[in-house]
Amino acid sequence: MTKTKIDLGIPHSDLASCVSCGLCLPHCPTYRVTQEESSSPRGRIALMKQASETGFVDEKFVEFMDACIQCRGCESACPAGVGFGSMMETTREALATQTSYQPRWRRLGYRVLGWPNFLAFGSRVLSILQSLRVLPKKLGLPKIPLIQRRLVGSGHDVYLFTGCIMDAWMRETHRAVQRVVEATGAGVQFPSKQAACCGALHVHAGLGKDARRLAERTMSAFPDQGPILVDSAGCGAQLKDYGHLLGTEEAQQFTERVFDVHEWLADHIDKLPPNPEGKDRVAVQDPCHLRHVQKSHRSVYEVLGRYTESVALDDDGLCCGAGGAYSA
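If you want the numbering used here, it's the position in the sequence shown, counting the first as 1, plus 11.
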């Protein structure tokens, strides 16, 4: 195997915080599938320690790091409070900047996420391919309209973050969220195109420089002090992490304005209209980044409880399989 020189840049104290108890193993999707120690959080941290000591990595190291879904389920299970997500992001940035881990074509693909006009064009192409039944259904793509209706604001009480993929493929979700928020009496406004992408996938892929650039752009799209609501768990987790990502007071103040839409609705639930009919029973799957990173998944049940009998899936917060950058 080819060995490549590297400096991971992870503080020794962070690596030493793992006591190798193994309580994370049952909560790791890749370990549950492979049953390989190196595919577990504990195993990956051991590999990081080894790379930090030797100053070299090989293809196997890259393979085990690349396979991590970054669901952060291990963090919820860890009694020592190990910040595995931060260590993985640091590792991937070192791989992306010091090795050929991140090929140029993939780098370009991630950069496209910050170009709303290109995404809009790509969405139209996908819509045409869907209508021609060229794309296999097993891809799981939602039905994408050929012409997207523009989102129209109704006031200035709260912002609704739109993002990249959510706005390109699931704009009707934004529209539905807008209707629910407006039912509380609040007016909704949408950010400028400067907030075209939060940078979450870039962070997960190790493209830290691109992620920080997108974070600065996104923050500039929310000039006043109104709450910023987010209806994507991954985007919400990233926006709330801008203080850590950028390390500035301005970024920290920005994160304090960010709420998952269910968090905000739970605080305004008395303003929502009552349910005149009987309650239907619905099953709820907790998104990884809402449960393990934002830790605000309970607000979903609080809001749904006003209108439904909500039941959590018996999966103990396991990843649904999308995996953000993992599937990208």
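Note that CB positions come from ideal geometry on N, CA and C, so glycine has one too.
*According to the neighbour-count rule (16 or more other Cβ atoms, all chains shown, within 10 Å of its Cβ), is Ile-158 buried or exposed?*
exposed
*Alpha carbon to alpha carbon, how far is Gly-6 from Val-30?*
The displayed coordinates of the chain run from 12 to 339. Any statement about residue 6 would go beyond what the structure contains.
*Near Leu-36, what residues of its chain come up, given a Cβ to Cβ distance below 6 Å and the 5 sequence neighbours on each side ignored?*
Tyr-42 and Ser-51
*Check Ala-339 in the structure and name its three-state DSSP category.*
Residue confidence for Ala-339 is low, a pLDDT of 48 falling below 50, so the modelled location carries little weight; the figure read from the coordinates is stated next. Coil.
_Using the three-state DSSP reduction, which class does Val-44 fall into: helix, strand or coil?_
helix
_Can you list, in chain order, the residues of its chain with a C-beta nearer than 6 Å to that of Gln-200? Leave out the 5 residues immediately preceding and following it._
Gly-164, His-167 and Tyr-170
*Glu-267, DSSP secondary structure in three states*: coil
*So, Ala-179 versus Ser-134, is the Cβ gap smaller than 8 Å?*
yes
_Quick check on the burial criterion: 16 or more other C-beta atoms within 10 angstroms. Buried or exposed for Cys-175?_
buried
*Helix, strand or coil: how does DSSP classify Asp-168 here?*
coil
*Of all the options Lys-60, Cys-299, Tyr-312 and Ile-21, which has the alpha carbon lying nearest to the alpha carbon of Glu-274?*
Tyr-312
*Below 8 Å between beta carbons: does that hold for Ala-62 and Leu-19?*
yes
*Which residues does DSSP pair with Asp-291 in a beta bridge?*
Thr-319
*Anyone know if the C-beta pair for Cys-208 and Gly-120 falls short of 8 Å?*
no
*In angstroms, rounded to a whole number, what distance separates the CA positions of Glu-48 and His-303?*
22 Å
_For Lys-16 and Ala-107, what's the separation of their Cα atoms in angstroms?_
13 Å
*Along the beta strand (DSSP E) that carries His-239, what are the first and last residues, could you check?*
It is worth fixing the name first, because residue 239 is Ile in this sequence and not His. Unbroken beta strand (DSSP E) run through Ile-239: 239–241.
_Looking only at its chain, what residues have a beta carbon closer than 7 Å to the beta carbon of Glu-193, apart from the 5 residues adjacent to it on each side?_
Ser-165 and Val-199
*Would you mind listing the beta strand (DSSP E) stretches within the stretch 132–199 that are 3+ residues and don't spill past its ends, in chain order?*
169–171
*List the endpoints of the continuous alpha helix (DSSP H) containing Cys-85.*
84–88
*Per DSSP, what kind of secondary structure is Lys-14 in: helix, strand or coil?*
coil
*Put Phe-67 into one of helix, strand or coil per three-state DSSP.*
strand
*Separation of Ala-187 from Arg-309, as counted between CA atoms*: 21 Å
*So, using beta-carbon positions, are His-185 and Leu-162 closer together than 8 Å?*
yes
_Helix, strand or coil at Phe-233 according to DSSP, with G and I counted as helix_ = coil
*Hey, quick one: how far does the alpha helix (DSSP H) through Gln-249 stretch, first residue to last?*
244–250
*Report all residues from its chain with a CB closer than 6 Å to the CB of Ala-277; omit the five preceding and five following residues, and keep chain order.*
Ser-310, Glu-313 and Val-314
*Sorted by chain position, which residues of the same chain lie with C-beta nearer than 8 Å to Ile-280's C-beta, five sequence neighbours on each side aside?*
Glu-313, Val-314 and Arg-317
*Do you know offhand how far Leu-248's Cα is from Gly-96's?*
The residue you asked about is not Leu; residue 248 is Ala in the sequence shown. The alpha-carbon atoms of Ala-248 and Gly-96 are separated by roughly 12 Å.
*The alpha helix (DSSP H) spanning Arg-103 covers which residue range?*
95–109
*Pick out whichever of Glu-227, Val-123, His-38 and Pro-234 has its Cα sitting closest to the Cα of His-255.*
Glu-227
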